[in-house]
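Heads up: the structure comes next, in structure tokens.
Residue numbers (my numbering): 5 to 132.
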């Protein structure tokens with residue numbers, strides 16, 4: 005079955021987005037040396053589950069009818085409340101507040117500094 009193998013974050017200011025995600029999740033983000041303004045995102049060691057991605061300059065404005073503006077990916081965190089608070093400190097905002105996903109964990113959606121929505125999930129099988 006197909007599975008997600010890469011993600012992209014579209015940003016008005018890729019350097020600002022890179023700083024936001026580095027400061028929030030301690031991801032390793034480096035500017036690609038290729039012919040396109042692209043930033044490579046490493047979210048963790050290859051020995052652990054997960055995927056890596058990239059950050060690129062947004063090609064169309066938010067709210068427009070053309071182009072890619074977002075694709076929601078969810079990041080597992082140890083402490084949802086702390087991560088939400090840190091995201092807000094870094095210039096993000098709450099899209100949807102903490103909610104249970106019964107038997108799975110606690111989920112919240114944030115908007116990053118570029119207006120993209122992403123999920124944060126704290127595993128908790130007792131969540132109701």
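A virtual CB, placed ideally from N, CA and C, is assigned to each residue, including glycine.
Whose CA, out of the options, lies closest to the CA of residue i?
i	options	result
residue 34	27, 43, 26	43
residue 121	96, 45, 130	96
residue 81	107, 62, 112, 93	112
residue 7	29, 48, 13, 54	54
residue 36	57, 126, 124	57
residue 126	115, 102, 116	102
residue 92	19, 9, 25	25
residue 130	123, 116, 117, 109	109
residue 132	123, 79, 107, 117	107
residue 124	94, 83, 117, 32	83
residue 94	30, 40, 62	30
How big is the Cα-Cα spacing for residue i and residue j?
i	j	result
residue 59	residue 17	10 Å
residue 21	residue 45	11 Å
residue 11	residue 77	8 Å
The alpha helix (DSSP H) spanning residue i covers which residue range?
i	result
residue 19	18 to 29
For the beta strand (DSSP E) containing residue i, name the first residue and the last one.
i	result
residue 10	That residue, residue 10, is in no beta strand (DSSP E); it is neither H nor E in DSSP.
residue 132	Run containing residue 132: none; DSSP gives neither H nor E here.
- Query: Does the stretch 59 to 66 come within contact of the stretch 83 to 98, defined as at least 3 CB pairs closer than 8 Å?
  - Reply: no
- Task: At 4 residues or longer, and completely inside the stretch 45 to 122: list those alpha helix (DSSP H) runs for me, N to C.
- Result: 84 to 93
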